[in-house]
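Structure first, then comments.
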Amino acid sequence: MPPARGNAFGPPMHTSSPFGNQHLIHGNPHHASHHLAHHQMQPQHQQHIPHQPHHPQHTQQTQHQAALQQQVAAHQHAQQQQQQHSQQSLHSQAATQQQQQSLQQAAAAAATAIREVWKGNLETEIAVLRDLVEDYPYIAMDTEFPGIVARPIGGFRSKADYHYQTLRCNVDMLKIIQLGITFYDENGKTPEPVSTWQFNFQFSLADDMYAQDSIDLLTKSGIDFKRHEDFGINVTQFGELLISSGLVLLDNVKWVSFHSGYDFGYLVKIMLCQALPSEENEFRKYLHTFFPALYDIKYLMKSVKTLKGGLQDIAEEMGIQRVGPQHQAGSDSLLTGHIFFAMKGRFFEGKIDEEKYCGQVWGLNGVGNSGPTLNTAGAVQYMNGQPNGGHLPATPTNAVPSVPTTGMTPGPMTPQQQINPYAQPPPQNSQQGVNPMGSGGFQFGKIGGM
1 MPPARGNAFG PPMHTSSPFG NQHLIHGNPH HASHHLAHHQ MQPQHQQHIP HQPHHPQHTQ
61 QTQHQAALQQ QVAAHQHAQQ QQQQHSQQSL HSQAATQQQQ QSLQQAAAAA ATAIREVWKG
121 NLETEIAVLR DLVEDYPYIA MDTEFPGIVA RPIGGFRSKA DYHYQTLRCN VDMLKIIQLG
181 ITFYDENGKT PEPVSTWQFN FQFSLADDMY AQDSIDLLTK SGIDFKRHED FGINVTQFGE
241 LLISSGLVLL DNVKWVSFHS GYDFGYLVKI MLCQALPSEE NEFRKYLHTF FPALYDIKYL
301 MKSVKTLKGG LQDIAEEMGI QRVGPQHQAG SDSLLTGHIF FAMKGRFFEG KIDEEKYCGQ
361 VWGLNGVGNS GPTLNTAGAV QYMNGQPNGG HLPATPTNAV PSVPTTGMTP GPMTPQQQIN
421 PYAQPPPQNS QQGVNPMGSG GFQFGKIGGM
């Protein structure tokens with residue numbers, strides 16, 4: 001009997017397999033030894049891992065899980081973006097609320113510091129000021145008026161003469177709308193809680209003359225012209241009370257203003273209760289009588305080269321914060337006083353040379369020239385709401401009218417009624433131009449109904 005087949009190295013072997021016990025008796029000896037050697041070379045921990053066959057269902061589950069994970073990640077990203085957007089919205093809302101709160105605080109501060117005066121409380125408030133001025137003798141002043149509506153024509157001895165004649169014809173034709181005055185002591189301290197009085201005068205858009213762009217600006221600033229028409233102060237009554245108030249005619253009361261030719265022009269006209277004099281020298285006599293001590297910040301700026309621009313520009317340059325709305329007389333007067341005392345301390349070492357600066361009004365001083373000035377094309381004729389058919393009036397080539405830098409610029413005049421009760425002859429050596437619509441060397445606006 002032939003011997004049984006077995007391993008080439010000995011008798012038949014019994015060996016174990018991961019798939020169960022098998023007897024390697026039959027089969028290829030070479031295959032058996034190769035299988036045995038391969039089995040013996042495997043790591044110990046892999047000997048007990050069953051074979052995992054590849055199933056399509058398992059692949060689909062893996063792909064489904066990956067898709068779910070992507071959806072979860074996208075949802076989380078969307079939530080993060082939504083949270084960021086919500087935070088940004090909250091920050092924006094907080095900023096808006098803070099801005100509104102700041103505006104409300106400013107309005108509240110203005111309501112506390114600035115007292116409105118109408119015809120109903122005029123006499124009461126004038127009595128208060130009569131006592132207040134004894135301890136607070138510095139008065140910062142600003143006015144609001146309905147713009148510039150005309151230019152004088154003729155010959156003028158100097159630029160200053162031309163400036164004054166421009167001022168005169170407009171002040172005589174127009175009416176003051178607001179006067180703001182703020183009180184200070186010698187150290188620049190204001191009374192509390194009220195420091196500023198804003199006088200609101202009678203003014204009618206239906207009957208009184210004005211420049212449209214100026215009215216638009218004042219309306220935007222919050223001036224209620226309907227209330228001015230119904231409850232505004234009568235200027236004649238105000239003039240009488242002002243003269244006896246102790247605020248004028250006294251050397252120890254010092255008035256402060258910014259580019260103040262028109263401001264003082266209206267006040268002089270109110271207290272005179274008549275048109276301004278035709279000659280600047282005569283006007284200056286009245287001005288000195290009513291306001292013996294006055295300072296014009298615009299004139300002070302001649303000695304401060306770093307300050308330029310209008311009132312608001314200077315305030316921002318010097319870091320002075322406004323209280324109340326811009327282009328209302330009360331707020332502007334308060335800002336004017338703050339600027340004056342800040343300039344006094346910063347640029348004038350706490351003392352302003354009275355001989356050099358007191359009584360000087362910007363635009364009416366120090367701008368004269370030696371030769372005469374002729375303006376034969378300077379008349380303004382308003383037709384259909386447009387000056388000279390839409391063309392601005394010409395001015396002398398070497399004379400630019402002095403207009404306060406408060407946003408009031410020459411513009412069309414649109415009253416329903418035009419009357420010139422104040423016309424006066426021009427200076428004797430002025431050459432009067434052709435003047436079919438006016439008198440005294442000026443041309444005035446359209447007649448109501450034209």
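Going by the UniProt record's numbering, the residue at position 410 of the sequence shown is 410; the numbering climbs one at a time, nothing skipped. Just so you know, even glycine gets a beta-carbon here, dropped at the ideal spot from N, CA and C.
- Burial is judged here by how many other beta carbons sit within 10 angstroms of a residue's own beta carbon; Ala74 has fewer than 16 and is exposed.
- DSSP places Asn170 within a helical segment (H, G or I) once states are collapsed to three.
- Ranked by Cα distance from Val248, the first of Ile339, Ile181 and Gln93 is Ile181.
- Per the Cβ contact rule, the stretch 147 to 156 is not in contact with the stretch 293 to 306 (fewer than 3 Cβ pairs under 8 angstroms).
- The residues Leu276, in chain order, have a CB closer than 6 angstroms to that of Arg168 in the same chain once the five nearest residues on each side in sequence are set aside.
- When Phe231, Tyr164 and Asp251 are compared, the shortest CA-CA separation from Val117 is found for Phe231.
- Residue range Glu280 to Phe290 is occupied by the alpha helix (DSSP H) that includes Arg284.
- Boundaries of the alpha helix (DSSP H) around Ala127: Leu122 to Leu132.
- Residue burial is scored here from C-beta neighbours: Leu287 has at least 16 other C-beta atoms within 10 angstroms and is therefore classed as buried.
- Using a Cβ distance threshold of 8 angstroms, Ala329 and Asp142 count as a contacting pair.
- Per DSSP, the continuous beta strand (DSSP E) segment holding Leu179 begins and ends at Gln178 to Tyr184.
- Among the bridge pairs identified by DSSP, Thr336 is matched with none.
- Out of Ala211, Ala342, Gly337 and Arg130, the CA that lies nearest to the CA of Leu174 is found in Ala211.
- The three-state reading of DSSP puts Gly324 in coil, since its state is none of H, G, I, E or B.
- Around Tyr357, the same chain offers Tyr295, Tyr299 and Leu300 as residues with beta carbons nearer than 7 angstroms, after the five sequence neighbours per side are excluded.
- When secondary structure is reduced to three states using DSSP, Tyr295 falls in the strand class.
- With fewer than 16 other Cβ atoms inside 10 Å of its own Cβ, Asp185 counts as exposed.
- The C-alpha of Gln83 lies about 39 angstroms from the C-alpha of Gly319.
- Taking 8 angstroms as the cut-off, the Cβ atoms of Leu218 and Phe199 do not count as close.
- Where Thr196 is concerned, the enclosing beta strand (DSSP E) starts and stops at Thr196 to Asn200.
- Taking the Cβ atoms as the reference, Thr336 lies roughly 4 angstroms from Ala140, within the contact range of under 8 angstroms.
- Ser331 carries a helical assignment under DSSP once its states are collapsed to helix, strand and coil.
- Annotation: Phe290 to Glu282 spans about 13 angstroms, alpha carbon to alpha carbon.
- In the DSSP secondary-structure assignment, Glu116 is bridged to Gln198.
- Annotated as distal: Ile176 and Phe156, with beta-carbon spacing of 8 angstroms or more.
- Secondary structure at Val361: coil, using DSSP grouped into helix, strand and coil.
- By the 16-neighbour rule on beta-carbons within 10 angstroms, Thr190 is buried.
- In the three-state reduction of the DSSP assignment, Ile233 falls in the strand class.
- Going by DSSP, Ser214 is part of the alpha helix (DSSP H) stretching over Gln212 to Lys220.
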